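Structure first, commentary second.
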Amino acid sequence: MLVDAQPERLYDDWTPDRLRKVRELNPPGVFDRILKACEFVKAAARPMSCPITVITHGVVDLIQEEPGVTAADVNRFEQSWQTLQQELAKQSPLDRLVVAEVSGHMIPTQAPDLIADEVLAMVAQLCGYTDRTRPRRSRRRRSPWSPSAREVGPPRKPVEPDHPRPYAKERMAGEWPFRSGAAGQTASLT
3 MLVDAQPERL YDDWTPDRLR KVRELNPPGV FDRILKACEF VKAAARPMSC
53 PITVITHGVV DLIQEEPGVT AADVNRFEQS WQTLQQELAK QSPLDRLVVA
103 EVSGHMIPTQ APDLIADEVL AMVAQLCGYT DRTRPRRSRR RRSPWSPSAR
153 EVGPPRKPVE PDHPRPYAKE RMAGEWPFRS GAAGQTASLT
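Next up, the structure:
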């Protein structure tokens with residue numbers, strides 16, 4: 003399970019000037035550690051035979067427009083990020099790509115139910131569970147940050163795998179509209 007994971011090839015085509023700008027926008031040493039981690043992952047990469055579920059953000063919030071960062075830079079970065087998320091999912095013959103439609107990069111705090119449902123679906127797939135016997139998440143373990151944890155009323159019916167989830171939508175290759183966090187606009191990746 004990869005949750006908005008840092009693609010190791012994200013910075014491969016960046017110019018030294020762009021790398022310098024991003025380094026300046028981060029706290030000292032943070033961006034250098036990210037680059038070292040990317041190099042480590044590239045060196046250790048090998049084909050995977052296990053199932054992979056990649057969950058990526060649907061709201062653009064990784065980088066924002068600010069002095070030295072234009073809207074074109076933000077769009078180019080987001081386009082690269084989403085393309086590489088698709089490639090991460092294709093590293094396994096049993097791949098799955100899920101977009102957290104209402105979440106930015108902090109998916110564990112903004113859409114924890116999505117992650118829990120995807121983990122249970124993966125366990126059910128690996129263990130050969132049917133819909134009737136697959137494990138269910140306890141209603142008492144819901145995160146206090148989850149929007150559904152603040153709902154008033156009877157507990158929700160468990161979401162079955164065949165039904166669409168209100169907070170996520172699976173994407174097929176080539177269908178990558180995404181929303182800008184501030185303006186809510188749809189941007190094209192082509």
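If you use the numbering used here, the sequence shown corresponds to residues 3 to 192, in order. Note that beta-carbon positions come from the ideal geometry of N, C-alpha and C, so glycine has one too. All figures in this text were calculated on a predicted structure; none of them were measured in a lab.
Does DSSP put Ile-65 in a helix, a strand or coil? Residue mapping note: residue 65 aligns to position 63 of the sequence shown, counting from 1. The answer is coil: DSSP assigns Ile-65 none of H, G, I, E or B.
Identify the continuous beta strand (DSSP E) that holds Arg-11 and give its terminal residues. Start at 1 with the first residue of the sequence shown, and residue 11 comes out as number 9. According to the DSSP assignment, Arg-11 belongs to no beta strand (DSSP E), since it is labelled neither H nor E.
Taking 9 Å as the cut-off, decide whether the C-beta atoms of Ser-94 and Val-61 are in contact. Start at 1 with the first residue of the sequence shown, and residue 94 comes out as number 92. Start at 1 with the first residue of the sequence shown, and residue 61 comes out as number 59. At least 9 Å separates the beta-carbon of Ser-94 from that of Val-61.
Could you tell me the boundaries of the alpha helix (DSSP H) in which Val-56 lies? Walking along the sequence shown from the start, residue 56 turns up at place 54. In this chain, Val-56 is not harboured by any alpha helix (DSSP H); it is covered by the beta strand (DSSP E) spanning 54 to 59.
Three-state secondary structure (DSSP) at Asp-15? Residue mapping note: residue 15 aligns to position 13 of the sequence shown, counting from 1. The answer is coil: DSSP assigns Asp-15 none of H, G, I, E or B.
Presumed contact (8 Å Cβ cut-off) between Glu-2 and Val-43, rounded CB distance: The structure shown does not extend to residue 2, since the chain is modelled only from 3 through 192, so no value can be given for it.
Since Ile-109 contacts Ala-102 with CB under 8 Å, what's their CB separation in whole angstroms? Here residue 109 is taken as the residue at index 107 of the sequence shown, counted from 1. Here residue 102 is taken as the residue at index 100 of the sequence shown, counted from 1. For Ile-109 against Ala-102, the beta-carbon gap comes to about 5 Å, under 8 Å, which counts as contact.
Straight-line Cα distance separating Asp-115 from Leu-12: Residue 12 sits at position 10 when you count from the first residue of the sequence shown. Residue 115 sits at position 113 when you count from the first residue of the sequence shown. Roughly 28 Å between the two C-alpha positions.
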